[in-house]
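A.B. asks: Got a structure here, written out as structure tokens. Questions coming.
Protein chains: 2
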Amino acid sequence: MIDRLFTNARLADGSSAVIAIANGRIARIGDADPAEQARETIDLGGRVVLPGFVDGHIHLDKSFVGDRWRPHVPAATLRDRLAAEKAMLAEARPIAERASALIARAAGFGTVAMRSHVDVDATTGLSNLHAVMEAREQWRGRVAVELVAFPQAGILSAPGTADILDAAIREGADVIGGIDPSAMDGDADGHLDVVFGIAERHGVKVDIHLHEPGLDGIAQLDRIAERTRVLGLGGRVTISHAYALGDVAPDVVDRTAATLARAGVAIMTNAPGDRAFPPILRLRAAGVRVFSGNDNIRDAWWPYGNGDMLQRAMLIGYRSGFYTDAELGIALDMATHAGAEMIGLDDYGLAAGNPATFVAIQAENAAAAVAEVPASRIIVHQGEIFDAATAG
Amino acid sequence: MIDRLFTNARLADGSSAVIAIANGRIARIGDADPAEQARETIDLGGRVVLPGFVDGHIHLDKSFVGDRWRPHVPAATLRDRLAAEKAMLAEARPIAERASALIARAAGFGTVAMRSHVDVDATTGLSNLHAVMEAREQWRGRVAVELVAFPQAGILSAPGTADILDAAIREGADVIGGIDPSAMDGDADGHLDVVFGIAERHGVKVDIHLHEPGLDGIAQLDRIAERTRVLGLGGRVTISHAYALGDVAPDVVDRTAATLARAGVAIMTNAPGDRAFPPILRLRAAGVRVFSGNDNIRDAWWPYGNGDMLQRAMLIGYRSGFYTDAELGIALDMATHAGAEMIGLDDYGLAAGNPATFVAIQAENAAAAVAEVPASRIIVHQGEIFDAATAG
Numbered sequence: 001m002i003d004r005l006f007t008n009a010r011l012a013d014g015s016s017a018v019i020a021i022a023n024g025r026i027a028r029i030g031d032a033d034p035a036e037q038a039r040e041t042i043d044l045g046g047r048v049v050l051p052g053f054v055d056g057h058i059h060l061d062k063s064f065v066g067d068r069w070r071p072h073v074p075a076a077t078l079r080d081r082l083a084a085e086k087a088m089l090a091e092a093r094p095i096a097e098r099a100s101a102l103i104a105r106a107a108g109f110g111t112v113a114m115r116s117h118v119d120v121d122a123t124t125g126l127s128n129l130h131a132v133m134e135a136r137e138q139w140r141g142r143v144a145v146e147l148v149a150f151p152q153a154g155i156l157s158a159p160g161t162a163d164i165l166d167a168a169i170r171e172g173a174d175v176i177g178g179i180d181p182s183a184m185d186g187d188a189d190g191h192l193d194v195v196f197g198i199a200e201r202h203g204v205k206v207d208i209h210l211h212e213p214g215l216d217g218i219a220q221l222d223r224i225a226e227r228t229r230v231l232g233l234g235g236r237v238t239i240s241h242a243y244a245l246g247d248v249a250p251d252v253v254d255r256t257a258a259t260l261a262r263a264g265v266a267i268m269t270n271a272p273g274d275r276a277f278p279p280i281l282r283l284r285a286a287g288v289r290v291f292s293g294n295d296n297i298r299d300a301w302w303p304y305g306n307g308d309m310l311q312r313a314m315l316i317g318y319r320s321g322f323y324t325d326a327e328l329g330i331a332l333d334m335a336t337h338a339g340a341e342m343i344g345l346d347d348y349g350l351a352a353g354n355p356a357t358f359v360a361i362q363a364e365n366a367a368a369a370v371a372e373v374p375a376s377r378i379i380v381h382q383g384e385i386f387d388a389a390t391a392g
Numbered sequence: 393m394i395d396r397l398f399t400n401a402r403l404a405d406g407s408s409a410v411i412a413i414a415n416g417r418i419a420r421i422g423d424a425d426p427a428e429q430a431r432e433t434i435d436l437g438g439r440v441v442l443p444g445f446v447d448g449h450i451h452l453d454k455s456f457v458g459d460r461w462r463p464h465v466p467a468a469t470l471r472d473r474l475a476a477e478k479a480m481l482a483e484a485r486p487i488a489e490r491a492s493a494l495i496a497r498a499a500g501f502g503t504v505a506m507r508s509h510v511d512v513d514a515t516t517g518l519s520n521l522h523a524v525m526e527a528r529e530q531w532r533g534r535v536a537v538e539l540v541a542f543p544q545a546g547i548l549s550a551p552g553t554a555d556i557l558d559a560a561i562r563e564g565a566d567v568i569g570g571i572d573p574s575a576m577d578g579d580a581d582g583h584l585d586v587v588f589g590i591a592e593r594h595g596v597k598v599d600i601h602l603h604e605p606g607l608d609g610i611a612q613l614d615r616i617a618e619r620t621r622v623l624g625l626g627g628r629v630t631i632s633h634a635y636a637l638g639d640v641a642p643d644v645v646d647r648t649a650a651t652l653a654r655a656g657v658a659i660m661t662n663a664p665g666d667r668a669f670p671p672i673l674r675l676r677a678a679g680v681r682v683f684s685g686n687d688n689i690r691d692a693w694w695p696y697g698n699g700d701m702l703q704r705a706m707l708i709g710y711r712s713g714f715y716t717d718a719e720l721g722i723a724l725d726m727a728t729h730a731g732a733e734m735i736g737l738d739d740y741g742l743a744a745g746n747p748a749t750f751v752a753i754q755a756e757n758a759a760a761a762v763a764e765v766p767a768s769r770i771i772v773h774q775g776e777i778f779d780a781a782t783a784g
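Here the protein sequences come in this chain order: A and B.
Numbering follows our numbering, in which position 206 of the first sequence is assigned residue number 206; successive positions increment by one, without gaps.
Quick note, our numbering runs 392 ahead of the 1-based positions in the second sequence.
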């Protein structure tokens, strides 16, 4: 027996469909069948149904969502920025509250999973990690949160960080992070020795922030790909941002893309507003997995972002010159399936047998949803309509 | 006597205020006064109030809003694009219906005025103009629509267009348009002779699309500024897009900006997603008026845009690296006051004596509204709450 029948839905291509739910899972998705009986029927009014969104890169410990508006403070150097951030966060509400508020906001837009970087260093210790783990616990079963132990201030240049990163993994972080091995620490191999050493010791994934520009950045991409290949970590390593791929000539992109694809290194981009970023189609054509995330959301780094991965998909497409339905579909894939694969979600996606977790959006098809970012959404979690305002 | 009192509003800076309405106008805006009596009180729940949005550049005759989704068709050349557009529009619902649907969409986001370019050429004749004028008539009193006679396919290269542009102005277009004087028509002075000739003859404003890149584009900017200066048209001439200003070195920007400021030529930018565009702060610092518009919205040119000028302000800021509250305020100014001045709206803005027309948005202040683009809005038109779903 079908518990609930969602009628008058549209699939990504705009075709009409119904979704039959049994025990919180999709029993059937496809053409309407007049013979199908259900305890309850919900008319989706022609909305397009998309799988829940996946935010592949967020900083849950940094955002002021859940706190008051805090005007951006300009900073001349990275050191000044980090100092300003520490001062602003010290005045803000506790991390666990803010992180939970941001997860709630994202869930209200239809996000079902995220990878959050969390600052871990010798002065912060594990306090941010513990706080974000508390928020993760509150949302367990609703939003899957994967945590990255992130050395925001570097590793070698912030003594004691290597040990605390190791401790972060032992305490439950799922991924070991890194940042600008050469520009931040002045010793790329030393930095990567720590990162990949922890990955090897604990069997965790790797996700390294790489802002280093041009050919310097390309050298890091090559270095990380080589480590990944040697250690057999293909499919478990991400380079976030990889701005360098937006700076260099097409032949360098292609050579580097081939290296990344062979090694199984993925690229995460948020399509920054005023900086060149990786050419997505070119990387995908070479076989590189590319996924996206909102990155910073209303924090000390910048004021933008609202937690909506559909807005992010639009920004990805807008910045990349994606105009066709197929291209808009790629922007959506980066906010759904590509991230889900990287995080390793089981049973993800709109298919019979999977949990009936999806977003119904007032749009004619998936491409239109990406281009327009409609606000009106019905969020369905395991077959139940989810009200973000009362959850969390 | 106060007809209606909007309480618990926030001004742009986040401070608390009430707005007292009498005869559809703002009788008072400022601190709450317990002695103030009103027939009716409406609690704005801490929403920030912004003046109605102004879309300074839209193409009401091109959009498929109000029609079905039409997938983007790639085109190798401008000629192919124009042919594809004609074919797609020929199948779509009538222009007047689509234009009205797009105005309705924009009004629902809080737009109160727009400048629409309308294709006018020897083959199209005045049919698009008449259709958009019909839509304008439907919205008169609600949304002010200024119309530009726009030679999308060039003037000299499309014989007969000069006469039909002149006729368009006689029939009610408010502004004479132009496009890429050199790249499109191969005769910049010939093109500008027609445009400025019509402006002089009829006393109308000028708004020229300029996509020509680099120093070629700069030469056109100089040429248009010189014509503006000689004819004394300062304050009545706009160059839309002016991509060239995003291509050239800072000293060339500064020299050109000084020329534009002296001549009184304004710049319109929509902050395109994948192309360099004018440096807004640098132009403003030189005294150039810079305003914005959504440009194409879900049409044959690209699939993006939804009619929301607050989303556009966010995109302007996102693309420009605007982070501080002051910078976010500039992005908002481009979507409100700067466009209102260019269109020449009377009594515009949140001040005593002006029509009580504003947008109340769920945000702590104006900067937060720009950064976050909240969907929840209360639109007030001349003191009355405006329901876009039932208007138009």
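No residue lacks a Cβ here, since even glycine has one placed at the ideal position from N, Cα and C.
Please report whether the beta-carbon of Arg711 (chain B) lies at a distance below 7 Å from any beta-carbon of chain A.
C.D. replies: So, interface residue.
A.B. asks: According to DSSP, is Ala783 (chain B) part of a helix, a strand, or is it coil?
C.D. replies: Summary for Ala783 (chain B): the model assigns pLDDT 48, below 50, so the residue's position carries little reliability, and this model does not support an answer.
A.B. asks: What are the boundary residues of the beta strand (DSSP E) that Leu397 (chain B) is part of?
C.D. replies: Unbroken beta strand (DSSP E) run through Leu397 (chain B): 394-402.
A.B. asks: For Gly416 (chain B) and Ile771 (chain B), what's the separation of their Cα atoms in angstroms?
C.D. replies: Between Gly416 (chain B) and Ile771 (chain B), the C-alpha separation is close to 14 Å.
A.B. asks: For Arg769 (chain B), which of helix, strand or coil comes out of DSSP?
C.D. replies: In this structure, Arg769 (chain B) counts as strand in the three-state DSSP scheme.
A.B. asks: Cα-Cα, which of B:Gly638, B:Ala763, B:Arg681 is closest to Ala668 (chain B)?
C.D. replies: Closest option to Ala668 (chain B), Cα to Cα, is B:Gly638.
A.B. asks: Using CA coordinates, which residue listed in A:Arg39, A:Ser15, A:Gly46, A:Ala352 is at the minimum distance from Asp31 (chain A)?
C.D. replies: Of the candidates A:Arg39, A:Ser15, A:Gly46, A:Ala352, the one whose C-alpha sits nearest the C-alpha of Asp31 (chain A) is A:Ser15.
A.B. asks: Please go through the same chain and pick out, in chain order, the residues whose beta-carbon is closer than 8 Å to the beta-carbon of Leu82 (chain A), but skip the five residues on each side of it.
C.D. replies: Once the five neighbours on either side are set aside, the close Cβ partners of Leu82 (chain A) are Gln152, Ala153.
A.B. asks: What is the DSSP secondary structure of His509 (chain B), reduced to helix, strand or coil?
C.D. replies: The answer is strand: DSSP assigns His509 (chain B) an E or B state.
A.B. asks: Which residues, in order along the stretch 323-346 of chain A, keep a beta-carbon less than 7 Å from a beta-carbon of chain B?
C.D. replies: Per Cβ criterion, the list reads Tyr323, Thr324, Asp325, Leu328.
A.B. asks: Using DSSP bridges, identify the partner residues of Pro51 (chain A).
C.D. replies: Paired residue(s): A:Phe358.
A.B. asks: Is the stretch 759-773 of chain B close to the stretch 424-441 of chain B, with three or more CB pairs under 8 Å?
C.D. replies: Judged by Cβ distances under 8 Å, the stretch 759-773 of chain B makes contact with the stretch 424-441 of chain B, as three or more pairs qualify.
A.B. asks: Could you name the residues of the stretch 69-80 of chain A whose beta carbon sits closer than 7 Å to any beta carbon of chain B, in the order they occur along the chain?
C.D. replies: The residues in question are Trp69, Pro71, His72, Pro74.
A.B. asks: Counting Cβ pairs closer than 8 Å, one from the stretch 685-704 of chain B and one from the stretch 355-363 of chain A, do we hit at least three?
C.D. replies: No, the stretch 685-704 of chain B does not touch the stretch 355-363 of chain A.
A.B. asks: Going by DSSP, what residue range makes up the beta strand (DSSP E) through His601 (chain B)?
C.D. replies: Residues 597-602.
A.B. asks: Which ranges would you report for the beta strand (DSSP E) in the stretch 203-280 of chain A if only whole runs of at least 3 residues count?
C.D. replies: Entirely contained in the stretch 203-280 of chain A, the beta strand (DSSP E) runs reaching 3 residues are, in chain order, 205-209, 237-240, 265-269.
A.B. asks: Comparing alpha-carbon positions, which option in B:Val586, B:Ala575, B:Ile568 lies nearest Gly469 (chain B)?
C.D. replies: The sequence given here places Thr at residue 469 (chain B); Gly does not occur at that position. The residue with the shortest Cα to Cα distance from Thr469 (chain B) is B:Ala575.
A.B. asks: Does the distance from the CB of Leu602 (chain B) to the CB of Ile631 (chain B) come in under 7 Å?
C.D. replies: Yes, the pair counts as a contact, with Cβ atoms nearer than the cut-off.
A.B. asks: Going by C-alpha to C-alpha distance, which of A:Pro181, A:Ser116, A:Val248, A:Val148 sits closest to Leu165 (chain A)?
C.D. replies: It is A:Val148 whose Cα lies nearest to the Cα of Leu165 (chain A).
A.B. asks: I need the straight-line Cα distance from Gly353 (chain A) to Ala730 (chain B), nearest angstrom please.
C.D. replies: Gly353 (chain A) and Ala730 (chain B): Cα-Cα distance of roughly 55 Å.
A.B. asks: Name the DSSP beta bridge partners of Glu146 (chain A), please?
C.D. replies: Its beta-bridge partners are A:Arg115.
A.B. asks: What span of residues does the beta strand (DSSP E) with Glu364 (chain A) cover, start to end?
C.D. replies: Run containing Glu364 (chain A): none; DSSP gives neither H nor E here.
A.B. asks: Excluding the 5 residues preceding and the 5 following Asp67 (chain A) in the sequence, name in chain order all residues of the same chain whose CB lies nearer than 7 Å to its CB.
C.D. replies: Cβ within range, chain order: Ala92, Arg93, Arg98.
A.B. asks: If we ignore side chains and look at the alpha-carbon of each, how far apart do Pro671 (chain B) and Ser712 (chain B) end up?
C.D. replies: When rounded, the distance between both Cα atoms is 7 Å.
A.B. asks: Along the chain, where does the beta strand (DSSP E) that runs through Ala38 (chain A) open and close?
C.D. replies: Where Ala38 (chain A) is concerned, the enclosing beta strand (DSSP E) stretches over 38-43.
A.B. asks: Between Val762 (chain B) and Leu724 (chain B), how many whole angstroms is the CB-CB distance? I'm expecting something under 8 Å.
C.D. replies: So it is a contact: roughly 5 Å between Cβ atoms.
A.B. asks: Compute the Euclidean distance between the alpha carbons of Asp13 (chain A) and Pro51 (chain A), then round it to the nearest angstrom.
C.D. replies: Roughly 14 Å separates the two Cα atoms.
A.B. asks: Is it true that the CB of Arg4 (chain A) sits closer than 7 Å to the CB of Glu36 (chain A)?
C.D. replies: Their beta carbons are not under 7 Å apart, which means Glu36 (chain A) does not touch Arg4 (chain A) by this criterion.
A.B. asks: Name the one or two DSSP bridge partners that Glu776 (chain B) has.
C.D. replies: Looking at the DSSP assignment, Glu776 (chain B) forms a beta bridge with B:His773.
A.B. asks: Can you tell me whether Arg105 (chain A) sits near the ligand COA, meaning its C-beta is under 6 Å from at least one heavy atom of the ligand?
C.D. replies: With respect to the ligand COA, the structure offers nothing, as it holds no ligand at all.
A.B. asks: Between the beta-carbon of Met88 (chain A) and the beta-carbon of Arg115 (chain A), is there less than 7 Å?
C.D. replies: The answer is no: Cβ separation not under 7 Å.
A.B. asks: Tell me where the beta strand (DSSP E) around Ile571 (chain B) begins and ends.
C.D. replies: Taken as a continuous stretch (DSSP letters only), the beta strand (DSSP E) holding Ile571 (chain B) covers 567-571.
A.B. asks: With H, G and I counted as helix, E and B as strand and the rest as coil, what does DSSP make of Val132 (chain A)?
C.D. replies: Correct three-state label for Val132 (chain A): helix.
A.B. asks: Where does Ile735 (chain B) fall in DSSP's three states?
C.D. replies: Of the three classes helix, strand and coil, the one that applies to Ile735 (chain B) here is helix, per DSSP.
A.B. asks: For Ile777 (chain B), does the count of other Cβ atoms within 10 angstroms reach 16, so buried, or fall short, so exposed?
C.D. replies: With fewer than 16 Cβ atoms within 10 Å of its Cβ, Ile777 (chain B) is classed as exposed.
A.B. asks: Take His583 (chain B) as the anchor and find which of B:Arg593, B:Glu592, B:Ser549 has the nearest alpha-carbon.
C.D. replies: Looking at the Cα atoms, B:Ser549 is the closest of the given residues.
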